[in-house]
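Peer 1: First residue of the sequence shown? That's 0 in numbering that gives the first Met the number 0, and the numbers climb one at a time after it. A virtual CB, placed ideally from N, CA and C, is assigned to each residue, including glycine. Computed from a predicted structure; not experimentally measured. The structure is given below, and queries will be raised subsequently.
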Amino acid sequence: MKILHTADWHLGIDLHKVSLLEDQKYALWQIKKIVMEEDVDVIVIAGDVYDTTLASKEAIELYNRCMSMLCLELQKQVIVIAGNHDSAVRLATCAELLAPMGLHIYGKLEEKVKGLRIKDTMFYPIPYLHPAQVAQVYEQPCATQEEAFRIICEDIHLHKEKNLCHVAIAHAFIAGSSVCESDRFARVGGSDLVPATLFEEFDYVALGHLHRPQKVGEHVYYSGSLLPYSFSEAEQQKQVLLYDTCNQKVYARTIEPLHPLYVLKGCLSYLQQLRQVDDGYPQGYVKLQLLDVCVSYEMLTYFQEHYPGLLQLSGKNEQIKSKISLDVEQLDGLNDVNIVKRYFQDMFQETLCDEDIQLLQEGLSMLEEV
Numbered sequence: 000m001k002i003l004h005t006a007d008w009h010l011g012i013d014l015h016k017v018s019l020l021e022d023q024k025y026a027l028w029q030i031k032k033i034v035m036e037e038d039v040d041v042i043v044i045a046g047d048v049y050d051t052t053l054a055s056k057e058a059i060e061l062y063n064r065c066m067s068m069l070c071l072e073l074q075k076q077v078i079v080i081a082g083n084h085d086s087a088v089r090l091a092t093c094a095e096l097l098a099p100m101g102l103h104i105y106g107k108l109e110e111k112v113k114g115l116r117i118k119d120t121m122f123y124p125i126p127y128l129h130p131a132q133v134a135q136v137y138e139q140p141c142a143t144q145e146e147a148f149r150i151i152c153e154d155i156h157l158h159k160e161k162n163l164c165h166v167a168i169a170h171a172f173i174a175g176s177s178v179c180e181s182d183r184f185a186r187v188g189g190s191d192l193v194p195a196t197l198f199e200e201f202d203y204v205a206l207g208h209l210h211r212p213q214k215v216g217e218h219v220y221y222s223g224s225l226l227p228y229s230f231s232e233a234e235q236q237k238q239v240l241l242y243d244t245c246n247q248k249v250y251a252r253t254i255e256p257l258h259p260l261y262v263l264k265g266c267l268s269y270l271q272q273l274r275q276v277d278d279g280y281p282q283g284y285v286k287l288q289l290l291d292v293c294v295s296y297e298m299l300t301y302f303q304e305h306y307p308g309l310l311q312l313s314g315k316n317e318q319i320k321s322k323i324s325l326d327v328e329q330l331d332g333l334n335d336v337n338i339v340k341r342y343f344q345d346m347f348q349e350t351l352c353d354e355d356i357q358l359l360q361e362g363l364s365m366l367e368e369v
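Here it is in structure tokens:
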């Protein structure tokens, strides 16, 4: 059997107020192609299908089309678990009706984790959980994620069938994992860390939660997110993982983004010489980092003209020796008065008083009359 492992689709997410739905559709259709080329039997989605618990109509429609394509058109089995970004209840709506069609959805942990057998493989879906849920379901004291997974894994191993391949699916933070900016809210403190050693008795562990693709233990893998969702992920090659139960080989297939992310750094004169389209950055989303000057609205306007995909401009504020950032959408949402107020705050760390604002408004009114 061949299993495709993916996770962290975050359908409906925006990048600096730019919708990525078309980018996600482009990536999902690549998954369809991979499923067909590799003759995949089972697709595993390890949590965070959506970016928010109240997903948009468009995000839900994209998910539905993708599931129809995989389960009905290609006649594949799909296993989905809820992540911390998903509404477990909403995601698992009609789960019993969908299972006979090959779509197996696991939302809130309400009963002990049971194996789902498909051919020669037993899958153990463990949705995103809280220790209190495990304490209630398993009737054991449980205060941490480590204790929760220890209880679940020990119970699974007690009832495992021999001579089968055993695959765990989880949405968790494994100790020793490498994180990026997009994962900054993945954990708070240390109580949610789960040791990879708890999964030693599984043949393969399909993880979701962290966006960087990585191996964190023997047979324990994060597939990574569907697309780069912050500029900190710009250099990450996104992928899906494939696991062959016959030879136990794991290998990756690349997902190419519709709009690559680029972070360009340099002094003002250097970046002014570049042009997005002319210098090898077509159709991408761009973040510019000025290393020698502070950000101004004039600079933002200039760079927007020469970098059509510019989403963020940051520079060095020499007054306070720190970095300040200005997003493209922030300028679009400001009126003239607020632009001047922001300018004084960023450049001189001063707040305009009511008298200054009144004088400014009068001056702007006079300009409009000219």
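Does DSSP put G362 in a helix, a strand or coil?
Peer 2: For the purposes of this step, residue 362 is taken as residue 363 along the sequence shown, with counting starting at 1. The answer is helix: DSSP assigns G362 an H, G or I state.
Peer 1: Which of helix, strand or coil does DSSP assign to C164?
Peer 2: In the sequence shown, counting from the first residue as 1, residue 164 sits at position 165. Reduced to three states, the DSSP call for C164 is strand.
Peer 1: I need the DSSP call for F122, collapsed to helix, strand or coil.
Peer 2: Counting from one through the sequence shown, the residue named residue 122 turns up at place 123. Looking at F122 - three-state DSSP - the assignment turns out to be strand.
Peer 1: Out of Y261, C352, E72, state which residue places its alpha-carbon closest to the alpha-carbon of E234.
Peer 2: Against the sequence shown, residue 234 aligns to sequence position 235. The shortest Cα separation from E234 among Y261, C352, E72 belongs to Y261.
Peer 1: Between Q282, D38, Q360, which has its C-alpha nearest Q76's C-alpha?
Peer 2: Counted from its first residue, the sequence shown places residue 76 at position 77. Considering only alpha carbons, the answer is D38.
Peer 1: Relative to the C-alpha of L163, which candidate in H218, Q144, D202, M365 has its C-alpha closest?
Peer 2: Taking the sequence shown and counting its residues from 1, one reaches residue 163 at position 164. Looking at the Cα atoms, D202 is the closest of the given residues.
Peer 1: Suppose only complete runs of 3+ residues qualify. What are the beta strand (DSSP E) ranges in the stretch 8-81, listed by chain order?
Peer 2: Listed in chain order, they are 41-45, 76-80.
Peer 1: Report back the beta-carbon spacing between N151 and V133 to the nearest angstrom; my notes put them in contact at under 8 angstroms.
Peer 2: By one-based count along the sequence shown, residue 151 stands at place 152. By one-based count along the sequence shown, residue 133 stands at place 134. Reading off the sequence, residue 151 comes out as Ile, not Asn. Confirmed, Cβ separation roughly 7 angstroms.
Peer 1: Which first and last residues belong to the alpha helix (DSSP H) in which Q144 is found?
Peer 2: Here residue 144 is taken as the residue at index 145 of the sequence shown, counted from 1. Note, Q144: alpha helix (DSSP H), 144-157.
Peer 1: Count the other CB atoms, across all protein chains shown, that sit within 10 Å of the CB of Q311; report buried if there are 16 or more and exposed otherwise.
Peer 2: Sequence index remark: in the sequence shown, residue 311 carries index 312 (1-based). Buried is the call here.
Peer 1: Tell me the DSSP secondary structure of L267 in three-state form.
Peer 2: As a first step, residue 267 must be located in the sequence shown, where it is residue number 268. L267 falls in the helix class under three-state DSSP.
Peer 1: Does T253 come out as helix, strand or coil in the three-state DSSP assignment?
Peer 2: Walking along the sequence shown from the start, residue 253 turns up at place 254. Strand, per DSSP.
Peer 1: Could you give the distance in angstroms between the alpha-carbon of M0 and the alpha-carbon of K118?
Peer 2: Residue 0 sits at position 1 when you count from the first residue of the sequence shown. Residue 118 sits at position 119 when you count from the first residue of the sequence shown. Approximately 8 angstroms, taken between the alpha carbons.
Peer 1: State the DSSP-derived secondary structure class of D353, mapped to helix, strand or coil.
Peer 2: Within the sequence shown, residue 353 is the residue found at index 354, counting from 1. DSSP places D353 in helix when its eight states are reduced to three.
Peer 1: Along the chain, where does the beta strand (DSSP E) containing Q288 start, and where does it finish?
Peer 2: Stepping through the sequence shown from its first residue, residue 288 is reached at position 289. Q288 -> beta strand (DSSP E) spans 284-289.
Peer 1: Taking Cβ positions, are L206 and I33 nearer each other than 9 angstroms?
Peer 2: In the sequence shown, counting from the first residue as 1, residue 206 sits at position 207. In the sequence shown, counting from the first residue as 1, residue 33 sits at position 34. Cβ distance not < 9 angstroms, so L206 and I33 don't count as in contact.
Peer 1: Rounded to whole angstroms, what is the Cα-Cα separation between E328 and H15?
Peer 2: Numbered from its first residue, the sequence shown carries residue 328 at position 329. Numbered from its first residue, the sequence shown carries residue 15 at position 16. Bear in mind that a pLDDT of 49 at E328, under 50, signals an unreliable position, so the model cannot answer this.
Peer 1: Can the beta-carbon of V41 be found closer than 9 angstroms to that of I80?
Peer 2: Counting from one through the sequence shown, the residue named residue 41 turns up at place 42. Counting from one through the sequence shown, the residue named residue 80 turns up at place 81. Not closer than 9 angstroms, so no.
Peer 1: Let's test the definition: count the other Cβ atoms within 10 Å of the Cβ of M35 and tell me whether it reaches 16, buried, or not, exposed.
Peer 2: As a first step, residue 35 must be located in the sequence shown, where it is residue number 36. Exposed, since its Cβ has fewer than 16 Cβ neighbours within 10 Å.
Peer 1: Please list, in chain order, all residues of the same chain as I44 whose beta carbon is under 8 angstroms from its beta carbon, the five residues on each side excluded.
Peer 2: Position 45 of the sequence shown, counted from the start, is the residue given in the question as residue 44. Here the set comprises T5, A6, W8, V77, I78, V79, I80, G207.
Peer 1: Using a Cβ-Cβ cut-off of 6 angstroms (strictly less than) and excluding sequence neighbours within five positions of A174, which residues of its own chain qualify?
Peer 2: Position 175 of the sequence shown, counted from the start, is the residue given in the question as residue 174. Counting only Cβ-Cβ distances below 6 angstroms, and skipping sequence neighbours, we find L192, P194.
Peer 1: Leaving out the 5 sequence neighbours to the left and right, which residues in its chain are closer than 6 angstroms to G314 when beta-carbon positions are compared?
Peer 2: As a working note, residue 314 is residue 315 in the sequence shown. Hits under 6 angstroms: L289, V292, C293, V294.
Peer 1: For G114, which residues in the same chain have their Cβ closer than 6 angstroms to its Cβ, ignoring the five residues on either side in sequence?
Peer 2: Stepping through the sequence shown from its first residue, residue 114 is reached at position 115. These residues qualify, in order along the chain: M121, Y123.
Peer 1: Evaluate contact between the stretch 208-228 and the stretch 241-260, counting only Cβ atoms and requiring at least three cross-stretch pairs below 8 angstroms.
Peer 2: Short answer: they touch.
Peer 1: Return the CA-CA distance between I104 and S231, expressed in angstroms with no decimal places.
Peer 2: For this step, residue 104 is matched to residue 105 along the sequence shown. For this step, residue 231 is matched to residue 232 along the sequence shown. Cα-Cα distance, rounded: 31 angstroms.
Peer 1: Nearest to K31 by CA position, among M365, Q303, E72, is which residue?
Peer 2: If you number the sequence shown from 1, residue 31 lands on position 32. For K31, the nearest C-alpha among the options comes from E72.
Peer 1: Taking just the CA atoms, how far does L309 sit from K322?
Peer 2: Within the sequence shown, residue 322 is the residue found at index 323, counting from 1. Within the sequence shown, residue 309 is the residue found at index 310, counting from 1. Note that K322 scores a pLDDT of 45, beneath 50, so its modelled location is shaky; the value from the coordinates is reported in the next line. Their Cα atoms are separated by approximately 18 angstroms.
Peer 1: Quick check: what's the CA-CA separation for R89 versus G362?
Peer 2: For the purposes of this step, residue 89 is taken as the residue at position 90 of the sequence shown. For the purposes of this step, residue 362 is taken as the residue at position 363 of the sequence shown. Those two C-alpha atoms are separated by around 53 angstroms.
Peer 1: How many angstroms separate the CA atom of T300 from the CA atom of Y306?
Peer 2: What you label residue 300 is simply residue 301 of the sequence shown in a count that begins at 1. What you label residue 306 is simply residue 307 of the sequence shown in a count that begins at 1. Whole-angstrom Cα-Cα distance: 10 angstroms.
Peer 1: Alpha carbon to alpha carbon, what distance is there between F302 and W28?
Peer 2: Translated into positions along the sequence shown, residue 28 becomes position 29. Translated into positions along the sequence shown, residue 302 becomes position 303. Cα to Cα, the separation comes out at about 33 angstroms.
Peer 1: With DSSP collapsed to three states, give me the class of D380.
Peer 2: Nothing can be reported for residue 380, as the shown portion of the chain is limited to 0 through 369.
Peer 1: Apart from the five residues on each side of it in sequence, which residues of its chain come closer than 7 angstroms, Cβ to Cβ, to M68?
Peer 2: As a first step, residue 68 must be located in the sequence shown, where it is residue number 69. Cβ neighbours of M68 beyond the five flanking positions: K31.
Peer 1: Candidates T253, Q238, V204: which alpha carbon is nearest T244's?
Peer 2: Taking the first residue of the sequence shown as position 1, residue 244 is located at position 245. If we check each option's Cα against that of T244, V204 comes out closest.
Peer 1: Check the C-beta distance from L226 over to L19 and give it rounded, since I have them as a contact under 8 angstroms.
Peer 2: Numbered from 1 along the sequence shown, position 227 holds the residue referred to as residue 226. Numbered from 1 along the sequence shown, position 20 holds the residue referred to as residue 19. Sure, about 7 angstroms apart at Cβ, within 8 angstroms.
Peer 1: Apart from the five residues on each side of it in sequence, which residues of its chain come closer than 6 angstroms, Cβ to Cβ, to D144?
Peer 2: The count along the sequence shown starts at 1 and reaches residue 144 at position 145. Note that residue 144 is Gln in the sequence shown here, rather than Asp. If we look at Q144 and ignore the five residues flanking it on each side, its Cβ neighbours are D191, V193.
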